[in-house]
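What follows is a set of notes on a single structure, which appears directly below.
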Amino acid sequence: MKKILMLGTGGTIASEMTPEGLTPELRPAQLLSYVPAIKDLCQVDCLSLFNIDSTNITPRHWCAISRALELNYHLYDGFVISHGTDTMAYTAAALSYMVQDADKPIIMTGAQKPINYDSTDSKLNLTDAFVCACSEELAGVDIVFSGRVILGTRARKTCSKSFAAFSSINYPDLAILQDHRLMCYISPRCRRKPRFFHQLEERVALVKMVPGTEPELLDFLLSRNKALIIECFGVGGLPSYEDSRLLELVERHTAQGKFIVATTQVQNEGSDLSVYSVGHSLKGNPYVLEGFDMTTEAVYAKMMWILAQTRDAEEVNRLFYAPVAHDILHRG
Ligand code: ASP
Numbered sequence: 303m304k305k306i307l308m309l310g311t312g313g314t315i316a317s318e319m320t321p322e323g324l325t326p327e328l329r330p331a332q333l334l335s336y337v338p339a340i341k342d343l344c345q346v347d348c349l350s351l352f353n354i355d356s357t358n359i360t361p362r363h364w365c366a367i368s369r370a371l372e373l374n375y376h377l378y379d380g381f382v383i384s385h386g387t388d389t390m391a392y393t394a395a396a397l398s399y400m401v402q403d404a405d406k407p408i409i410m411t412g413a414q415k416p417i418n419y420d421s422t423d424s425k426l427n428l429t430d431a432f433v434c435a436c437s438e439e440l441a442g443v444d445i446v447f448s449g450r451v452i453l454g455t456r457a458r459k460t461c462s463k464s465f466a467a468f469s470s471i472n473y474p475d476l477a478i479l480q481d482h483r484l485m486c487y488i489s490p491r492c493r494r495k496p497r498f499f500h501q502l503e504e505r506v507a508l509v510k511m512v513p514g515t516e517p518e519l520l521d522f523l524l525s526r527n528k529a530l531i532i533e534c535f536g537v538g539g540l541p542s543y544e545d546s547r548l549l550e551l552v553e554r555h556t557a558q559g560k561f562i563v564a565t566t567q568v569q570n571e572g573s574d575l576s577v578y579s580v581g582h583s584l585k586g587n588p589y590v591l592e593g594f595d596m597t598t599e600a601v602y603a604k605m606m607w608i609l610a611q612t613r614d615a616e617e618v619n620r621l622f623y624a625p626v627a628h629d630i631l632h633r634g
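Sequence positions in the sequence shown follow my numbering and run 303 to 634.
Here it is as structure tokens:
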């Protein structure tokens, strides 16, 4: 029988109703008591890392999860991480960079309704997560939710209330589950040795452009951070408005070693800065990178992972465009 470690972090799945609203209360072993059939699938050990709403997750929590995976990696065949849905895609992306070339399944799941509600998706998601954690076909970080297996670098929460809360962006689902039976379309098995990374650079910021965004906002964010991710409009580009203040501040900050990643606020199909003249001015600067088909969640986590290792522009470019866990397909 396979040995699986379940790591509890909180979220709706573990929540109970309190006078202040839903609050994470249940630990992993208590969650498992609602789904006794999991005992027939595998032998499970539990570790409660923390019990918080995922709104309160920070990069330090990502480091704690990754550390727990590293310490226990050799002892188990697979891992299930129960987590709030709101920031699960960010955690899945971060873990995909912190635990690379994993040859075992690291499955994240959660629920839109607490496990003690009659109409809950928790039991289905939890059981499916264990089926996937026991699988020989899956490896690396995935989100398992509402019968779908989504690559950790490609996941996004796209519905705030429906059970089918997650989508795979610019990449197909890896597998589906029907009646807890796993059907794999893509099997990303890894034959290399897993590599664990421990540091993240937290001074990475993200801004979404709106019509009329003041250059001062970008100036402030760039002065406070080592990198700024800009969610541009459409395939990408920065407004020149009536003057060129925005482009001038990009030049000023990048000359001082700050990095900018231009990506798109459009969910599907990615960026292409070469299309419009408003994007052209950004091309060719080694401190300006382009997100292409990556999710913003993945770009954010990848920059934190890269900048913890180097600030050399050539090396940052090499690491950024080198695919990790299928996070990028289109590279210009
Ligand atoms: N606010 C909750 C959380 O992210 C929502 C959920 O788990 O579905 O922890």
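Note that the Cβ used here is the ideal one computed from N, Cα and C, for glycine as well.
Inset, instruction - Would you please state the rounded distance, in angstroms, between the beta carbons of T565 and V601? I believe it to be under 8 Å. - result: 6 Å between Cβ atoms; contact.
Inset, instruction - Specify the secondary structure class of P496 as computed by DSSP and reduced to three states. - result: coil
Legend entry - Nearest-angstrom Cα separation, counted from C492 out to D403: 6 Å
Legend entry - beta-carbon D355 near the ligand ASP non-hydrogen atom, thresh 7 Å: yes
Inset, instruction - Enumerate, from N- to C-terminal direction, the unbroken alpha helix (DSSP H) stretches of 4 or more residues contained entirely within the region 544-616. - result: 547-557, 579-582 and 598-609
Inset, instruction - Just confirm the distance between the C-beta atoms of V433 and L343, as a whole number of angstroms; I'd bet it's less than 8 Å. - result: 7 Å
Legend entry - Residue range of the beta strand (DSSP E) that includes C344: Counting along the chain, C344 falls outside any beta strand (DSSP E), and DSSP gives it neither H nor E.
Inset, instruction - Classify A467 as helix, strand or coil using the three-state DSSP reduction. - result: coil
Legend entry - Secondary structure, beta strand (DSSP E): runs of 3+ residues fully inside the region 482-532: 483-486 and 506-510
Legend entry - Three-pair Cβ contact test at 8 Å for the region 466-473 versus the region 493-507: no
Legend entry - Candidates Y336, L334, G386 and E438: closest to I488 by CA position: Ranking the options by Cα distance to I488, first place goes to E438.
Inset, instruction - Kindly indicate which residue of Q567, R456, G538 and V451 has the alpha-carbon position closest to the one of L479. - result: V451
Legend entry - Assigned exposure category for R483 - 16 Cβ within 10 Å defines buried: exposed
Inset, instruction - Using a threshold of 8 Å, state whether the C-beta atoms of R547 and P517 are closer than that. - result: yes
Inset, instruction - Evaluate the contact criterion for the region 620-631 versus the region 520-540: three or more CB pairs, one atom per stretch, below 8 Å. - result: Under the three-pair Cβ rule at 8 Å, the region 620-631 does not count as touching the region 520-540.
Legend entry - Residue from H582, N374, A413 and L520 whose Cα sits closest to the Cα of V537: With respect to the C-alpha of V537, the residue from H582, N374, A413 and L520 having the closest C-alpha is H582.
Inset, instruction - Please determine, among E544, E553, G514 and V626, the residue with the shortest C-alpha to C-alpha distance to C259. - result: With the chain covering 303 to 634 only, the question about residue 259 has no answer from this structure.
Inset, instruction - Can you check DSSP and say which residues form a bridge with V401? - result: Within the DSSP bridge table, the entry for V401 names F498 as partners.
Legend entry - K528 beta carbon less than 8 Å from that of E550: no
Inset, instruction - Report, in whole angstroms, the separation of the C-beta atoms of A316 and T387, which I expect to be a contact under 8 Å. - result: A316 to T387, Cβ: 12 Å. No contact.
Legend entry - Distance, E553 Cα to G559 Cα: 10 Å
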